[in-house]
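In numbering that gives the first Met the number 0, the protein residues as written are 0 to 52.
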Amino acid sequence: MKFSTYLENITGISVYPLISLILFVAFFILVTIWMYSLSKKEIEHIEHLPLDN
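Here it is as structure tokens:
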């Protein structure tokens, strides 16, 4: 039997893909908001981190 056959028999399993999509979109939106809220000085500091010793 295929794995998907087992998943079809589980009650309420269809909510998990929806939850994962909502979590992904929320995380993406939060990271985008955080990125646009950074100041120019913080961005320059982050840019130079790999080069600092």
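Backbone N, C-alpha and C fix where the C-beta goes; we use that ideal spot for every residue, glycine too.
- DSSP places S38 in the coil class of the three-state scheme, outside both helix and strand.
- Looking at the backbone, the Cα of I42 and that of L48 are separated by about 10 Å.
- A straight-line Cα-Cα distance of about 15 Å links V30 and L20.
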